[in-house]
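Asker: One structure coming up, written as structure tokens, with questions to follow.
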């Protein structure tokens, strides 16, 4: 009988992976020009924008499958830190209707750190 913690880890992994994959698919369809522009504005090289494919396509697939989920979630957490820096400058300002302006990337960052700490659970390719 599966434990509640293994089911919770599966739910966390799958939900985070799917939510981030939507961002990755968007970048496949529409390109990474927006990311390149933010990198240029921050005086960083534009080629770093290609890292978004690793953080928003490859890492989420690994997280969903539970294949090296700890490492993949750390890659995703780093991706979210960079996104928060580029898009919000780590500003903890409020959005128009309350809540933090950078609420979504911050939530994705925390979810990724939780997966890195807990591991992927029983329902994963690595089974850890």
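Numbering (my numbering), first residue to last: 2 to 129.
All C-beta atoms in this analysis are idealised placements derived from N, C-alpha and C, irrespective of residue type, glycine included.
All figures in this text were calculated on a predicted structure; none of them were measured in a lab.
1. Quick check: what's the CA-CA separation for residue 45 versus residue 122?
2. Quick check on the DSSP output: what are the complete alpha helix (DSSP H) runs of length 4 or more inside the region 31-111, in order along the chain?
3. So, helix, strand or coil for residue 123, using DSSP?
4. Who are the Cβ neighbours of residue 39 in its own chain at under 6 Å, not counting the five residues just before and after it?
5. So, does the CB of residue 117 fall closer than 7 Å to a CB anywhere in chain C?
Answerer: Taking the structure as given:
1. The count along the chain shown starts at 1 and reaches residue 45 at position 44. The count along the chain shown starts at 1 and reaches residue 122 at position 121. Each residue's Cα considered, the two are about 37 Å apart.
2. 34-42, 60-66 and 70-89
3. The count along the chain shown starts at 1 and reaches residue 123 at position 122. If DSSP states are grouped into helix, strand and coil, residue 123 belongs with coil.
4. Along the chain shown, read from residue 1 onward, the residue named residue 39 stands at position 38. Once the five neighbours on either side are set aside, the close Cβ partners of residue 39 are 87.
5. Of the protein chains in the structure, only one exists, and it is not chain C.
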